[in-house]
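Start counting the sequence shown at 694; every next residue gets the next number (the numbering used here). Every residue, glycine too, gets a C-beta built ideally from N, C-alpha and C.
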Amino acid sequence: MIVGGGPVGLFLAAELALAGVTPLVVERLTEPDPRKGEDDRGITARTMRTLAARGLADATTALAEAAVRRLARLADPSLVDTPKDLPALLESLGMADVKGDFAMLPLVDRNGTMTDLSPPLMVLQGEFEEILACRVAELGVPVRRGVEVTAVAPGDDRVTVTLADGSEIETAWLVGCDGGRSTVRRCVGFDFPGTDPSMVARIAVADIDLAHGFQRLPTGMLAVAPPPAPSMTIEFDPDPTRDGELTAAEFEASLRRVSGTGVTVREIAAPTRITDNARQTSTYRRGRVLLAGDAAHVHSPIGGQGLNLGLQDAANLGWKLGLVAGGRAPESLLDTYTRERHPVGAEVLRNSRAETALLRTDPQIEALRALLAELPTQRHLVELMNGLHIRYEPGEHPLTGTFVDDPHALELLRAGRGLLLGGHLHETAAAWADRITTAGGEDGVLVRPDGYIAWAGTDPDGLRAALIRWFGP
694 MIVGGGPVGL FLAAELALAG VTPLVVERLT EPDPRKGEDD RGITARTMRT LAARGLADAT
754 TALAEAAVRR LARLADPSLV DTPKDLPALL ESLGMADVKG DFAMLPLVDR NGTMTDLSPP
814 LMVLQGEFEE ILACRVAELG VPVRRGVEVT AVAPGDDRVT VTLADGSEIE TAWLVGCDGG
874 RSTVRRCVGF DFPGTDPSMV ARIAVADIDL AHGFQRLPTG MLAVAPPPAP SMTIEFDPDP
934 TRDGELTAAE FEASLRRVSG TGVTVREIAA PTRITDNARQ TSTYRRGRVL LAGDAAHVHS
994 PIGGQGLNLG LQDAANLGWK LGLVAGGRAP ESLLDTYTRE RHPVGAEVLR NSRAETALLR
1054 TDPQIEALRA LLAELPTQRH LVELMNGLHI RYEPGEHPLT GTFVDDPHAL ELLRAGRGLL
1114 LGGHLHETAA AWADRITTAG GEDGVLVRPD GYIAWAGTDP DGLRAALIRW FGP
């Protein structure tokens, strides 16, 4: 059972279905949250390769092209239909060499040394969720909306879930993908240490009598846009309270503090308040209950790493839980989930805190930002923000633990099975034919369903040990 029908829960559901286990997804909301549906989300290069391994990259790229085309129309109304493809669209906006940003510092390939690195693709979360919802429906996974979980009671071999209507559901395994205020996390007693907010961003659609555009000011940051685009203020060392919805009066007061003017705001739409609250549970599994996405870690959305972090959690967990729940691998396989994903989450929290610090507008930080812009660190930051440096469980062979980037190999992973490249080793893997696809190749490479290389080499005994470890006996 998966609690939470957002992108992480839906992607995990699809992964489990591919692994031969059909989960039940329950979601508290009767319909997707329209505010999140219009939110821009960045899909990083590593996540795009994960989506390519499931045949979802083309549809996601089409969403990104549509999003950039909307942006191009805002910049130049003559670009309604042309140019047609994404590179030409980025070129028309002067963004062809922009590989992302770090704390709103553009990461630009000024000398052609980062042509191999793709920039994040921007999509609307609502549209991306539709892609995942269609995939889940194709795989026959039931999704029940308007179902709220109120209590979770883990047992030795079952988990009892109580719903708001008083009914109970028993499940062998439970995964909480229910966001930063996770009911599953709270009910099961996962810890959630971290740091309290040091900034708050207030975002709303409003008709504001201020110059349009973005400004870094001594009192904070200000972004003003005409409706229906949202406007935003960012202030530091704020009152961290997040109770209640952002009101026009609160938004007006923030605008006045940041802009230093007597601007008035009579009404607002789509109000949102975000902070840099950063927390992470110390383990992603307690018995038969696991956490993924924001239920396991939260941080500032600045930098756009949250969705990617959650999708990669799901990619790591899905095939493992599928093998264990299907009785084909021991429970110890699930111990690798926290071991592999917790350090990645901790690094994202570190990066997020660094970004928040660099967003400040005092003279010392402004000097630091100027210095960073001059240093040759841009490639490192691009790789960091895209998760391209991640290596799980490295071994003696230099490929072990890295992500397979070969397009043909990614295509062979679409069924959610492992992949063995190397014709001379196929006999060794014959007993795992229900879990492994075999293909030709001179070198022996065993690829996990999530695209990471579990083993590489020529020794059949080493391959056999890796097959047992990652795919069960």
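Item                                                                                                                                                             : Value
Near A738, which residues of its chain fall below 6 Å by C-beta distance, leaving aside the five closest residues on each side in sequence?                      : S811, N1079
Using the Cα positions of I896 and L915, report the straight-line distance between them to the nearest angstrom.                                                 : 10 Å
Any chance the segment 986-997 sits against the segment 857-872, with 3 or more Cβ pairs inside 8 Å?                                                             : yes
Compute the Euclidean distance between the alpha carbons of F1171 and A1008, then round it to the nearest angstrom.                                              : Residue numbering for the chain in the displayed model covers 694 to 1166; residue 1171 lies beyond these limits and cannot be assessed.
Take T1039 as the anchor and find which of P964, Q973, G1088, L1139 has the nearest alpha-carbon.                                                                : The residue asked about is misnamed: residue 1039 is Ala in this sequence, not Thr. Selected option, being the one with the closest Cα: Q973.
Indicate the three-state DSSP secondary structure (helix, strand or coil) for D850 in the structure shown.                                                       : coil
How big is the Cα-Cα spacing for P700 and G1011?                                                                                                                 : 14 Å
Can you name the start and end residues of the beta strand (DSSP E) that G1111 belongs to?                                                                       : 1111-1114
For chain D, find out if any of its Cβ atoms is closer than 8 Å to the Cβ of A971; answer yes or no.                                                             : Absence of chain D from the displayed structure is noted, only one protein chain being present.
Is E720 closer than 8 Å to V836 when the C-beta atoms are compared?                                                                                              : yes
Which residue from E863, V881, L1074, G980 puts its Cα closest to that of R1043?                                                                                 : L1074
At which residues does the alpha helix (DSSP H) containing R742 begin and terminate?                                                                             : 738-745
Per DSSP, R978 forms a beta bridge with which residues?                                                                                                          : L983
Below 8 Å between beta carbons: does that hold for L814 and M741?                                                                                                : yes
Give me the residue from N970, P1153, A1108 with the minimum Cα distance to S891.                                                                                : N970
Rounded to a whole number of angstroms, what is the C-alpha to C-alpha distance between G887 and I1129?                                                          : 40 Å
Mapping DSSP to helix, strand and coil, what is G1015?                                                                                                           : helix
Hey, would you say G1094 sits closer than 8 Å to G735, going by beta carbons?                                                                                    : no
Report the partner residues of W1148 according to the DSSP bridge assignment.                                                                                    : L1139
Can you have a look at P799 and say buried or exposed, based on whether 16 or more other CB atoms are within 10 angstroms of its CB?                             : exposed
Of the residues A1126, V1140, F795, G698, which one's Cα is nearest the Cα of R1167?                                                                             : The question about residue 1167 has no answer, for the chain in this structure spans 694 to 1166.
Which one or two residues does DSSP pair with G793 in a beta bridge?                                                                                             : Partner(s): none; G793 has no beta bridge.
Looking at L1000: is its Cβ nearer than 8 Å to the Cβ of A796?                                                                                                   : no
Does DSSP classify D1099 as helix, strand or coil?                                                                                                               : coil
Can you check which of these residues, A1132, P931, A1066, W1125, is closest to R1157 by C-alpha distance?                                                       : W1125
Of the residues E938, R909, H905, which one's Cα is nearest the Cα of A922?                                                                                      : H905
Output the residue ranges of the beta strand (DSSP E) runs that lie fully inside the segment 881-943 and measure 3 residues or longer, sorted by chain position. : 892-898, 906-910, 913-917, 924-929
Does the Cβ of D809 have 16 or more other Cβ atoms within 10 Å, making it buried, or fewer, making it exposed?                                                   : exposed
Whole alpha helix (DSSP H) runs in the segment 983-1059 with 4 or more residues, listed along the chain?                                                         : 999-1018, 1028-1052
Return helix, strand or coil for R874, following the three-state DSSP convention.                                                                                : coil
I'd like the list of long-range same chain contacts for E1086, defined as Cβ closer than 6 Å, with 5 residues on each side in sequence excluded.                 : G1094
So, using beta-carbon positions, are P1023 and V834 closer together than 8 Å?                                                                                    : no
Going by the CB atoms, is the gap between R1141 and G1111 shorter than 8 Å?                                                                                      : yes
Got a sec? Which residues, its chain only, sit under 7 Å from T1131 by beta carbon, not counting five neighbours each side?                                      : L1113, H1119, A1122
Is R828 buried or exposed, if buried means 16 or more other CB atoms sit within 10 Å of its CB?                                                                  : buried
Using only CA atoms, which one of K792, E861, D733 lies nearest to T693?                                                                                         : In the structure displayed, the chain extends from 694 to 1166; residue 693 sits before or after that span and is not available.
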